[in-house]
Amino acid sequence: MATRYKQERWYWPSFGNMADAEQAANQGFWAAVFVAAVATLFATISAFSSHNVMGIDPFAYVDAVVFAVIAWRIRRRSRAFAIAGLVLFTVEKIFQFTTQPLALVGILMAIVLFVCFINAVRGTFAYHRMLVASAQEPAPANS
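Here the sequence shown stands for residues 4 to 146, numbered as in my numbering.
Below, the structure is given as structure tokens:
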């Protein structure tokens, strides 16, 4: 019997079980960790230099902390924080691209991170849907 190989797509995963949903949610976790790390890096460089770096000042530490909290809560499968991460990242990128034309250089990375945040939303919702479904399944009868 021949089996058909289905290549897994990182950018739009399917959810056959809870592990798939967790893996998709983890994309958002790592995206938020990356955003927090980059914000920390540029805020530190800006703090030790006399000027802003690519429009980022030392107040970006606040942004880094917010994304670190979002990462932590996405890791705990919070739907609200997955949505918050997607919305905050989207708003920040729209603002950045409209006010900093040179930021368009990083549009490919922004698109990849955006897709990861979308998958976090999809994954956390699928995770909770499957969690409820598994709790409602009847226990197997012992024969």
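By construction, the Cβ of each residue, glycine as well, lies at the ideal position given by its N, Cα and C atoms. Treat the numbers as computed from the prediction; the structure is a model and nothing was measured.
| query | Expressed to the nearest angstrom, what Euclidean distance is found between the alpha-carbon atoms of Ala23 and Ile114? | reply | At residue 23 the sequence reads Asp, which differs from the Ala that was named. Going by the C-alpha atoms only, they are around 22 Å apart.
| Identify the residues that DSSP records as bridge partners of Val56: which are they? | Ile59
| query | With DSSP run on the structure shown, which of helix, strand or coil describes Ser137? | reply | Of the three classes helix, strand and coil, the one that applies to Ser137 here is helix, per DSSP.
| query | Is there contact between the stretch 26-39 and the stretch 73-83, where contact requires at least three CB pairs shorter than 8 Å? | reply | yes
| task | Taking only the alpha-carbon atoms, compute the straight-line gap between Asp60 and Gln139 and give it to the nearest angstrom. | result | 50 Å
| said: Applying the 10 Å Cβ sphere with the 16-neighbour rule, what's the burial state of Phe62? | reply: Label assigned to Phe62: exposed.
| message | Short of 7 Å in beta carbon distance, which residues of its chain neighbour Ala46, apart from the five on each side in sequence? Order them along the chain. | response | Ile59, Pro61, Ala63, Tyr64 and Ala67
| task | Could you pull out every unbroken alpha helix (DSSP H) segment of at least 4 residues lying fully inside the stretch 69-126, listed in chain order? | result | 82-102
| message | Count Cβ pairs between the stretch 87-97 and the stretch 41-55 that sit closer than 8 Å; are there 3 or more? | response | no
| Exposure label - Ile121; buried when at least 16 CB within 10 Å | buried
| Cβ separation of Phe70 and Val118, assumed to be a contact under 8 Å, to the nearest whole Å | With a Cβ gap of about 17 Å, Phe70 and Val118 do not count as contacting.
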